[in-house]
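Taken in order, these protein sequences are the chains called A and B.
In short: position in the first sequence from 1, add 254, done, that's our numbering.
For the second sequence, position 89 (counting from the first letter as 1) is numbered 87 according to our numbering, and the numbering increases by one without interruption.
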Amino acid sequence: MSQGDGAHGRRIEGLLRDAAPRVLGVLVRRYGEFDECEDAVQEALLAASQQWPATGVPDNPRAWLVTVASRRLTDQVRSNIARRRREEAVATMAGGDQLVAPAADDPILDRDDTLTVLLLCCHPSLPPPSQAALTLRAVGGLTTAEIARAYFVPEATMAQRISRAKQRIKADGARFETPGDPELSERMRVVMQVLYLIFNEGYTATSGTALARADLTREAMRLVRTVHELRPDDGEAAGLLALMLLTDARRPARTGPSGELVPLAEQNRGLWDGDAMAAGLALLAETLPHGPVGPYQVQAAIAAVHAEAPHADNTDWPQILSLYDLLAVLAPNPMVTLNRVVALAMVFGPRAGLDELSALDEDPQLAGHHRIDAVRAHLLDMAGDAAAARHAYEAAARKTTSVPERRYLLARAARLATD
Amino acid sequence: MKYLLMIYMNDDVFESLSEAERNAIFAGHEQFMPKIRESGEFVGTAALSNPTQSKTVRVRDGVTSATDGPYIETKEYLAGYYAVDCESLDRAIELAAMIPDAGLTAIEVRPVMDESGLEI
């Protein structure tokens, strides 16, 4: 493929992904039936990606997509009617003739229902993997095959998951509308969770699988950016975007030449993406003064403290500790608890951290988790207790279900053995 | 989270069943498959031949050898697996319990390692 074709192809892909939820919004507003409309839009996107590279992008791409998707929907309705006629020998539904495409100047085309589509895909009645899959397809415009590839499951399995999710939404009687507060804030919280989950699926990928998953990070960031643009006053949307920018900026430094994980303290900070860091810092600085401060803004603030340290030794740990104290109140979870222990140890010394850690052994959410052994190992290592640290690194390595983490933990253990 | 549901088999136990009982096991697998396909949890499956058909391959000093065996000490051996992608360990256990062999021998449930990892 020549470079021109590549850029052209990418332009079409970008256009289609932006258009996907808006076209879907138009169809659902006209015809109802989210499930069928979503299938029709997916087919229209496919037709566009096949035809546009040859025929050129139409003057009004969204109108083109709405027309083609409406036709698909008409065909579908007609074939459903034909099937029902065959099955029941009775026509139970009026003909699909009312399904005509809007004119290109129809004001409905200018309406942006992206947020409504996103809220529906992240419906609280769905389990998180289904929310993510449906969001990637209906809002992100990805094909089922692309999503299946990113999650390492057969395409038929992913198709089934998406189809079940749509049935579940329908069965739940979810309406295609943006709720008012306080429901909206609660629903937005779920949307953020889903987008952060998609981001992390991509971000945490290492060498073996990074290529298949990098798209997830990019897509999650694009969607958060869209939410931020649609809801500029939502501090948490801005906070999440800043967090993603600051986190993703470290990506070039987080793995070594043979795909091994490099801990934050040992990363070559010269490899961090300065532009992304600056964008994240600027966005956070703009957002924080407006309050109220939510968990994503606090996590972004922690990432910002790391970003502002030219070297790991210059990290403002007291500042990080006070941010984790705040996070433990706003959004307590086991990972926050453990990260807070690390920050505490960096401020008051490893023994203080180890004391805090022994109190957590009783915590049912953390008991037996490899991260508690990994943090203990790290703190024992800091305290100079090589034998105990090595033992704890090995215990963590046996418990983790992550290949790169096991590799890292075993490397730390081995380093202590040779010292 | 992906799990491997490993089916253990014991020839003595299986051969002692009546034909009807054995057929019920096969029918149980026929019912289990569409269930995990329909739920969107299916990743893969395979049934393995009896270990009498196994070869063991070793490479030593660049030389490959393939010998019969291994001759296992225990009566129970790996006879097949289902790979599933499900929400939790509890759900994986629930799925394992639906496999008919769970009522006869045992199913081992083990998480599949992930290529993703978080730096510390």
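Ideal placement from N, C-alpha and C gives every residue a C-beta, glycine not left out.
All values reported here derive from a predicted model rather than from experimental measurement.
CB contact check: residue i to chain A, cutoff 8 Å
i               : result
P98 of chain B  : no
F40 of chain B  : yes
D112 of chain B : yes
E36 of chain B  : yes
P109 of chain B : yes
G115 of chain B : yes
E71 of chain B  : no
E19 of chain B  : no
D88 of chain B  : no
D10 of chain B  : no
E85 of chain B  : yes
T103 of chain B : no
Interface flag, residue i vs chain B, CB-CB below 8 Å
i               : result
V305 of chain A : It is worth fixing the name first, because residue 305 of chain A is Gln in this sequence and not Val. No, because no Cβ of chain B sits closer than 8 Å to the Cβ of Q305 of chain A.
L518 of chain A : yes
E659 of chain A : yes
A459 of chain A : yes
Q330 of chain A : no
T411 of chain A : yes
L484 of chain A : no
A345 of chain A : A caution first: A345 of chain A carries a pLDDT of 41, below 50, which makes its placement in the model too unreliable to give a value.
Q385 of chain A : no
Q414 of chain A : yes
T569 of chain A : no
T471 of chain A : no
P511 of chain A : no
R418 of chain A : yes
L278 of chain A : no
S256 of chain A : Per-residue confidence for S256 of chain A stands at a pLDDT of 37, beneath the threshold of 50, marking its modelled position as unreliable; the derived number appears in the next sentence. Chain B, which has no Cβ nearer than 8 Å to the Cβ of S256 of chain A, makes this no.
Buried versus exposed call for residue i [16 or more other C-beta atoms within 10 Å across all chains shown]
i               : result
A109 of chain B : First, the residue type needs correcting, since residue 109 of chain B is Pro and not Ala in the sequence shown. Under this definition P109 of chain B is an exposed residue.
H251 of chain A : Residue numbering for chain A in the displayed model covers 255 to 673; residue 251 of chain A lies beyond these limits and cannot be assessed.
E455 of chain A : buried
R265 of chain A : exposed
H482 of chain A : buried
K424 of chain A : exposed
P275 of chain A : buried
V282 of chain A : buried
D635 of chain A : buried
T411 of chain A : buried
P486 of chain A : exposed
D426 of chain A : exposed
V57 of chain B  : exposed
P604 of chain A : buried
Bridge-paired residues (DSSP) for residue i
i               : result
S656 of chain A : B:D112
T509 of chain A : A:L515
K0 of chain B   : B:D83
T43 of chain B  : B:Y80
K53 of chain B  : B:D66
E74 of chain B  : B:N8
I105 of chain B : B:I5
R339 of chain A : Beta-bridge pairing links R339 of chain A to no other residue.
V61 of chain B  : B:R58
A459 of chain A : B:S114
Pair within 8 Å by beta-carbon distance, residue i and residue j
i               : j               : result
A207 of chain A : A631 of chain A : An answer regarding residue 207 of chain A cannot be provided, because it is not within the stretch 255 to 673 covered by chain A.
P588 of chain A : Q553 of chain A : no
R418 of chain A : S384 of chain A : yes
A496 of chain A : L537 of chain A : yes
L93 of chain B  : L3 of chain B   : yes
E490 of chain A : Q551 of chain A : yes
R523 of chain A : A507 of chain A : yes
M531 of chain A : L500 of chain A : yes
A90 of chain B  : Y1 of chain B   : yes
I34 of chain B  : Y79 of chain B  : no
R509 of chain A : L515 of chain A : Note that residue 509 of chain A corresponds to Thr in the displayed sequence, not to Arg. It is a contact, given that the beta carbons lie within the stated cut-off.
G395 of chain A : L270 of chain A : yes
F453 of chain A : M498 of chain A : yes
L116 of chain B : T458 of chain A : yes
L372 of chain A : V445 of chain A : yes
V41 of chain B  : V11 of chain B  : no
P307 of chain A : H262 of chain A : yes
The ligand HEM heavy atom lying under 7 Å from the CB of residue i
i               : result
R630 of chain A : Absence of the ligand HEM from the depicted structure is noted, as is the absence of any ligand whatsoever, leaving it without description.
*Between the segment 655 to 672 of chain A and the segment 46 to 60 of chain B, are three or more C-beta pairs nearer than 8 Å?*
No, the segment 655 to 672 of chain A does not touch the segment 46 to 60 of chain B.
_Under 8 Å, with one C-beta from each stretch per pair, do the segment 10 to 29 of chain B and the segment 98 to 115 of chain B reach the 3-pair mark?_
Segment contact: the segment 10 to 29 of chain B against the segment 98 to 115 of chain B, three or more CB-CB distances shorter than 8 Å; contact assigned.
*Please determine if the segment 587 to 604 of chain A and the segment 622 to 633 of chain A are in contact, where contact requires at least 3 C-beta pairs separated by less than 8 Å.*
In short, these stretches touch, since the Cβ pair count reaches three.
*Three or more beta-carbon pairs under 8 Å between the segment 320 to 331 of chain A and the segment 427 to 443 of chain A, yes or no?*
Short answer: they don't touch.
*Is the segment 305 to 323 of chain A close to the segment 283 to 297 of chain A, with three or more CB pairs under 8 Å?*
Contact holds: three or more Cβ-Cβ distances are below 8 Å.
*So, do the segment 571 to 586 of chain A and the segment 523 to 533 of chain A have three or more beta carbon pairs nearer to each other than 8 Å?*
No, because fewer than three Cβ pairs between the segment 571 to 586 of chain A and the segment 523 to 533 of chain A fall closer than 8 Å, the two stretches do not touch.
*Inspect the CB distances between the segment 465 to 474 of chain A and the segment 400 to 408 of chain A and report whether three or more fall short of 8 Å.*
Result yes; three or more Cβ-Cβ pairs closer than 8 Å.
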